[in-house]
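Going down the list, the sequences are from chains Z and R.
For the first sequence, my numbering assigns the number 546 to the initial residue and increments by one for each residue that follows.
For the second sequence, my numbering assigns the number 213 to the initial residue and increments by one for each residue that follows.
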Amino acid sequence: MANADFAGREYPATAPYSVGREKIREFATAVGATHPAHHDLVAARGVGYPDLVAPPTFAVVIAQRAESRYISDPEADVDFSRVVHADEKFVHHRPIVAGDELVTVLHVDSVTERAGIAMVTTRCEIFADGPDDDARERVATVMSSLVIRGEDF
Amino acid sequence: MSTPPVVIELVVGDVVGTREIALDRAALVRYAGASGDFNPIHWDESFATEVGLPGVIAHGMLTMGSVIGVVVDWAGDPGAVVEYQARFTRPVPVPVRGNAVVEVAATIGAIDAEAGTVRVDLTVTHEGAKVLGRAQAVVRL
Chain Z
546 MANADFAGRE
556 YPATAPYSVG
566 REKIREFATA
576 VGATHPAHHD
586 LVAARGVGYP
596 DLVAPPTFAV
606 VIAQRAESRY
616 ISDPEADVDF
626 SRVVHADEKF
636 VHHRPIVAGD
646 ELVTVLHVDS
656 VTERAGIAMV
666 TTRCEIFADG
676 PDDDARERVA
686 TVMSSLVIRG
696 EDF
Chain R
213 MSTPPVVIEL
223 VVGDVVGTRE
233 IALDRAALVR
243 YAGASGDFNP
253 IHWDESFATE
263 VGLPGVIAHG
273 MLTMGSVIGV
283 VVDWAGDPGA
293 VVEYQARFTR
303 PVPVPVRGNA
313 VVEVAATIGA
323 IDAEAGTVRV
333 DLTVTHEGAK
343 VLGRAQAVVR
353 L
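Right, dumping it as structure tokens:
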């Protein structure tokens, strides 16, 4: 249940995720986010953004794609049907806007097990893609904890 | 839009806003599609009960993503939310017909006048029980 050897592992940056206007509108609608800066280009530019701005939890879309590389790895031994999302934290270094090309570096910060329950914490460092690694701009950090219940629970 | 809030005019304990959010099965399917989270516990009743849940439950991230709207609307700018965290302490079961109502109350938890930020604490309940723990947003004003 959750291979402890994965603690400390860092995955190479993902292929870029292209943040689209319609994706921002679709996600905003799904979470009931009615602020015009999510939907209307003129309104977004009026508040000072270059394009539509993503809602505060939009980064989870990008983070979960990166996390799936770890969770779906058979070697990691994470039984997704027994996983419960325990907590989530977003730190925005700058807002995500449509047109961003974002790459994610996934870190498995810890894998612990106690009393038949495993806990995994992951951290996604999301960057705006640049011509090389040094030119990347930090955009968001997404921290996530998953609890994996053992067979007896 | 109303005038944005000003840090020095705020007091810890001030109520930023309250809201009731009704989630039905269509909202769960819509969020699954928008987010890419297709875990069957959010749409397949038999799967959900087989893994020990009371039935289909809302994505924790749907609840978390929905309740922050009260803070964004108060701040007047979605980009003002520089940090946001929550624990998922209790599931929100969503019935096959009708909806589950989530109630949110957001209050000022701390003020950092020097940084120009405030911490907004969110109390999020369903049928009187807390569903999010330590739900806090740091807002730059």
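Quick reminder that beta carbons are idealized off the backbone N, C-alpha and C, glycines included.
Assigned secondary structure, residue i (DSSP; H/G/I helix, E/B strand, else coil)
i: methionine 213/R; result: Low confidence applies to methionine 213/R: its pLDDT is 49, below 50, so where it sits in the model is not reliable enough to give any reading.
i: threonine 686/Z; result: strand
i: leucine 597/Z; result: coil
i: threonine 574/Z; result: helix
i: proline 619/Z; result: helix
i: aspartate 632/Z; result: strand
i: alanine 341/R; result: strand
i: histidine 580/Z; result: coil
i: valine 219/R; result: helix
i: histidine 637/Z; result: strand
i: proline 252/R; result: helix
i: alanine 260/R; result: helix
i: isoleucine 680/Z; result: Sequence inspection shows alanine at residue 680/Z; the isoleucine mentioned does not correspond to that position. Three-state result, alanine 680/Z: helix.
i: proline 561/Z; result: coil
i: arginine 309/R; result: coil
i: alanine 549/Z; result: helix
i: threonine 230/R; result: strand
Neighbour flag for residue i against chain A, beta carbons, 8 Å
i: valine 648/Z; result: Of the chains in the structure shown, none is chain A; the protein chains are Z and R.
Boundaries of the beta strand (DSSP E) in which residue i is found, first to last residue
i: phenylalanine 300/R; result: 293-300
i: isoleucine 607/Z; result: Counting along the chain, isoleucine 607/Z falls outside any beta strand (DSSP E), though it belongs to the alpha helix (DSSP H) covering 604-616.
i: arginine 554/Z; result: Looking at the DSSP string, arginine 554/Z is not in any beta strand (DSSP E), and its letter there is neither H nor E.
i: leucine 334/R; result: 329-338
Extent of the continuous alpha helix (DSSP H) to which residue i belongs
i: glycine 321/R; result: Run containing glycine 321/R: none in the alpha helix (DSSP H); it sits in the beta strand (DSSP E), 312-324.
i: alanine 349/R; result: Unbroken run through alanine 349/R is the beta strand (DSSP E), 344-352; no alpha helix (DSSP H).
i: glycine 245/R; result: 237-247
i: valine 587/Z; result: 586-591
Residue i CB to nearest heavy atom of the ligand NAD below 7 Å
i: proline 619/Z; result: Absent from the structure shown: the ligand NAD. Ligands present: none.
(request) Determine which residues of the stretch 237-253 of chain R have a Cβ less than 8 Å from any Cβ of chain Z, and write them out in chain order. (result) Ala239, Arg242, Tyr243, Gly245, Ala246, Ser247, Gly248, Asp249 and Asn251
(message) Give me the subset of the stretch 278-306 of chain R whose CB atoms are less than 7 Å from a CB atom of chain Z, sorted by chain position.
(response) Ser278, Ile280, Gly281, Val284, Asp285, Asp289, Pro290, Gly291, Val293, Val294, Glu295, Tyr296, Gln297, Ala298, Arg299 and Phe300
(message) Could you tell me which whole alpha helix (DSSP H) segments of length 4 or greater appear in the stretch 263-294 of chain R?
(response) Those alpha helix (DSSP H) runs which fall completely within the stretch 263-294 of chain R and span 4+ residues are 272-279 and 281-287.
(request) Evaluate contact between the stretch 548-566 of chain Z and the stretch 635-655 of chain Z, counting only Cβ atoms and requiring at least three cross-stretch pairs below 8 Å. (result) yes
(message) My parser needs the beta strand (DSSP E) runs of 3 or more residues fully inside the stretch 648-677 of chain Z; what are they?
(response) 662-673
(request) Closer than 9 Å, Cβ to Cβ, to anything on chain R: give me those residues from the stretch 653-684 of chain Z, in chain order. (result) Those residues of the stretch 653-684 of chain Z that come within reach of chain R (Cβ to Cβ, closer than 9 Å) do not exist; the list is empty.
(message) Output needed in chain order: residues of the stretch 550-578 of chain Z with a Cβ under 9 Å from some Cβ in chain R.
(response) Answer in chain order: Lys568, Glu571, Phe572, Ala573, Thr574, Ala575, Val576, Gly577 and Ala578.
(request) With 9 Å as the C-beta to C-beta threshold (strictly closer), list the residues of the stretch 255-273 of chain R near chain Z in chain order. (result) Phe259, Glu262, Val263, Gly264, His271, Gly272 and Met273
(request) Could you tell me whether the stretch 300-314 of chain R touches the stretch 221-229 of chain R, using the rule of 3 or more Cβ pairs below 8 Å? (result) no
(message) Counting beta carbon pairs with one atom in the stretch 664-683 of chain Z and one in the stretch 306-316 of chain R, are three or more of them shorter than 8 Å?
(response) no
(request) Would you check if the stretch 575-583 of chain Z and the stretch 270-289 of chain R touch, i.e. whether three or more CB-CB distances between them fall below 8 Å? (result) yes
(message) I'd like to know if the stretch 318-337 of chain R and the stretch 237-245 of chain R are in contact, where contact means that at least 3 CB-CB pairs between them fall below 8 Å.
(response) no
(request) For the stretch 593-605 of chain Z and the stretch 288-299 of chain R, state whether three or more C-beta atom pairs, one from each stretch, are separated by less than 8 Å. (result) yes
(request) Take every Cβ of the stretch 658-671 of chain Z, pair it with every Cβ of the stretch 612-628 of chain Z, and state whether three or more of those distances are shorter than 8 Å. (result) yes
(message) Output needed in chain order: residues of the stretch 626-639 of chain Z with a Cβ under 9 Å from some Cβ in chain R.
(response) Ser626, Arg627, Val628, Val629, His630, Ala631, Asp632, Glu633, Lys634, Phe635, Val636, His637, His638 and Arg639
(request) Please list the residues of the stretch 304-337 of chain R that have a C-beta atom closer than 8 Å to any C-beta atom in chain Z, keeping them in chain order. (result) none
(message) Using a Cβ distance threshold of 8 Å, determine whether the stretch 337-345 of chain R contacts the stretch 243-251 of chain R, with at least three qualifying pairs required.
(response) With a cut-off of 8 Å, the stretch 243-251 of chain R and the stretch 337-345 of chain R do not count as touching, because too few Cβ pairs lie within range.
(message) Using a Cβ-Cβ cutoff of 8 Å, what residues of the stretch 219-230 of chain R are near chain Z? List them in chain order.
(response) When C-beta distances to chain Z are compared with 8 Å, every residue of the stretch 219-230 of chain R stays at or above that value.
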